[in-house]
Every structure is written in structure tokens, then in C-alpha cells.
Amino acid sequence: MSDIISGVLLLAGATFMLLAAVGVVRMPDLFTRMQTTTKSATLGAGSMLLAAALYFGDLGVTTRALAVISFLFLTAPVAAHMIGRAAYFVGVPLWKETIVDELRGHYDRRTHDLISNPTMPITRDGNTTESSN
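The sequence shown begins at 285 in the numbering used here and counts up one residue at a time.
What follows is the structure, encoded as C-alpha cells:
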């Protein structure tokens with residue numbers, strides 16, 4: 285039974301990894317590529333490691349697999365956030381069909397400060413999302 289579950293987890297992990305690879309090629313800009321690879325690759329690697337832990341059933345393998353899964357789930361989103369933030373701050377362009385830019389109007393390029401205020405996110409045409417509905 286554990287062989288079947290391991291096989292299903294391995295297949296699911298491979299599918300997630302394939303989707304991540306396709307996303308890197310198909311997505312139009314850095315930000316959407318990052319989102320695709322962070323989520324899909326993390327789930328894919330986690331599923332594959334869980335399959336290995338279940339298949340071998342050894343305490344050492346299981347401990348290492350769970351440690352790597354924990355590390356991936358903790359560091360991948362933080363790394364993607366930092367890369368995305370740096371890319372936005374240096375002016376990497378958004379995809380031309382991006383509708384809402386939530387940082388527009390909240391970031392001072394001179395001081396690199398984010399300004400928090402209760403206004404609604406601004407769309408590409410300069411309107412708030414509340415007024416565009």
C-alpha cells in the first residue's frame with residue numbers, strides 16, 4: 285500500500301515540477317514566472333521527498349526528507365518575495381495586461397520607502413479599484 289501512495293506522490297510531484305517548467309517558459313514577465321515556479325516547484329519537490337520518505341520507511345531518510353521539505357516551504361516564498369520586491373524597485377516592467385499595481389503610489393523611488401495609507405490599489409490607467417468597478 286505504501287508503494288502505491290509513494291507512486292502517486294511521486295507522480296504528483298513530477299506533474300507539479302513539469303507545470304513549473306512550463307510556467308517558466310509560458311509566463312509573460314518575471315513576477316508571474318516567479319509565482320509559478322515558487323508554488324509549483326515547492327509542492328513538486330515536497331511531494332517527491334515525501335514519496336521517498338514513505339517508500340524507504342527509514343527514520344533517517346524520513347527525518348532528512350521532512351527537514352528539506354520544511355526548509356523549502358520556509359525559504360522559497362521568502363526568497364521569491366525578496367527577488368520580486370527588488371525587481372519592482374529597480375523598475376522591471378510588469379506585464380502589459382497587469383490590471384492592478386498595488387505598490388504604485390506607495391513607493392518613493394528616491395528614499396526606497398513604502399508608504400502605507402488606506403487608499404485603494406491603483407489600476408494601470410490611474411484609477412483606484414473602487415472607482416473602476
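Glycine included, C-beta positions come from ideal geometry on N, C-alpha and C.
Query, Result
"Can you find the residues in the same chain that come closer than 7 Å, C-beta to C-beta, to S290, ignoring five residues on each side of it along the sequence?", "A335, L338 and Y339"
"Terminal residues of the continuous alpha helix (DSSP H) containing G291?", "S286 to R310"
"Identify the continuous alpha helix (DSSP H) that holds G328 and give its terminal residues.", "L314 to F340"
"From the DSSP output, in three-state form, read off V266 for me.", "In the structure displayed, the chain extends from 285 to 417; residue 266 sits before or after that span and is not available."
"Just the Cα atoms here: how many angstroms apart are D313 and V292?", "32 Å"
"Are there 16 or more other CB atoms within 10 angstroms of the CB of A329, so buried, or fewer, so exposed?", "buried"
"To the nearest angstrom, how far is it from the Cα of F365 to the Cα of D342?", "Residue 365 is actually His in this sequence, not Phe. Roughly 35 Å between the two C-alpha positions."
"In whole angstroms, what is the alpha-carbon distance linking M301 and A371?", "24 Å"
"Am I right that L294 and M332 are in contact with their C-beta atoms under 8 Å? What's the rounded C-beta distance?", "6 Å"
"Report buried or exposed for S400, applying the criterion of at least 16 other Cβ atoms within 10 angstroms of its Cβ.", "exposed"
"Determine, using beta-carbon pairs with one atom in the segment 367-384 and one in the segment 313-323, whether at least three such pairs fall under 8 Å.", "yes"
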